[in-house]
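Engineer: Throughout the sequence shown, residue numbering follows UniProt numbering, covering 1 to 186 in sequence. We treat Cβ as the ideally placed atom computed from N, Cα and C, and that holds for glycine.
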Amino acid sequence: MYRNSTDKRVIHSAEALYNAVLELMDEKEFDKIGIKEVCEKAGIGRATFYRNFDYVDDILRFATNQHFEQLHEATCNMAPDIDTSAEIKIFFDFWVARGDLLNALYKAHRWQIFGEMFFAASQIKMQEKLERFGLNEVQYVYFHNSIQLSISTTLHTWLERNRKESSDDLVKLFELPFEMFAKMKS
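This is the structure in structure tokens:
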């Protein structure tokens, strides 16, 4: 668990630790990276580490949370009736530009961190969809899970393919199964 803070010194230390983790991941597997070497690489004392984090995984959680907060800030003033494709494009643009974090989660076998934080962050936006489309509670749960997992899987596949596709490509690839399903029904 990490302690969330808005203190600039804490954020600066956490960012230094995150950058140290990324550097160390170029040298070895994530599971072989220890707290002591992360602190040494970052030039941060272990007491500072333990004041903010319990485990090295928590650094990835912190970075992922920071990015979701940035995404929220960037999208919180969007019109509630924004075109869904445009909204998805903004999302993929945001994460493609931050592919290093996603790649770190992927390489560390910690993709569930992205999934958990995305699920929590998307609750608010999906609640708006519930009201906009008149979904009942059961429909909402299935809709939210289906969309969230589809987007997460699209990004995971992008990482598996060494980030070859653009965010425009990802939008099309994400929408493809839904379009195909709609055609099969008609």
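Starting from residue 143, follow the alpha helix (DSSP H) in both directions and report where the run begins and ends.
Structural biologist: Looking at the DSSP string, the run of the alpha helix (DSSP H) that includes residue 143 is 137-160.
Engineer: Would the beta-carbon of residue 130 fall within 9 Å of that of residue 114?
Structural biologist: Result no, Cβ atoms of residue 130 and residue 114 do not sit closer than 9 Å.
Engineer: Could you tell me if residue 138 is buried or exposed, where buried requires 16 or more neighbouring beta carbons within 10 angstroms of its beta carbon?
Structural biologist: Result: exposed.
Engineer: Once the 5 residues before and after residue 67 are set aside, which same chain residues still bring their CB inside 7 Å of it?
Structural biologist: Hits under 7 Å: 98, 101.
Engineer: Distance check for residue 126 and residue 43, CA to CA, integer angstroms please.
Structural biologist: Computed Cα separation, rounded: 41 Å.
Engineer: Beta-carbon within less than 8 Å of residue 88's beta-carbon, same chain only, minus the 5 sequence neighbours each way: which residues are those?
Structural biologist: For residue 88, where only same-chain residues beyond five positions count, the Cβ hits under 8 Å are 151, 171, 174, 175.
Engineer: Taking Cβ to Cβ, would you say residue 17 is nearer than 9 Å to residue 103?
Structural biologist: Taking 9 Å as the Cβ cut-off, residue 17 and residue 103 do not qualify as a contacting pair.
Engineer: So the alpha helix (DSSP H) residue 59 belongs to, where does it begin and stop?
Structural biologist: Looking at the DSSP string, the run of the alpha helix (DSSP H) that includes residue 59 is 57-75.
Engineer: Would you kindly report the start and end of the unbroken alpha helix (DSSP H) that includes residue 201?
Structural biologist: Absent from the model: residue 201. The displayed extent of the chain is 1 to 186, so no value can be given.
Engineer: Buried or exposed for residue 181, going by 16 or more other Cβ atoms inside 10 Å?
Structural biologist: Counting Cβ neighbours within 10 Å, residue 181 comes out exposed, since fewer than 16 surround it.
Engineer: Output the boundary residues of the alpha helix (DSSP H) element that contains residue 15.
Structural biologist: Per DSSP, residue 15 belongs to the alpha helix (DSSP H) from 8-27.
Engineer: Please confirm whether residue 25 and residue 33 have their CB atoms less than 9 Å apart.
Structural biologist: In contact: residue 25 and residue 33 (Cβ atoms closer than 9 Å).
Engineer: From 148, 86, 185, 108, pick the residue whose C-alpha is nearest to that of residue 119; which is it?
Structural biologist: Measuring from the Cα of residue 119, the nearest candidate turns out to be 148.
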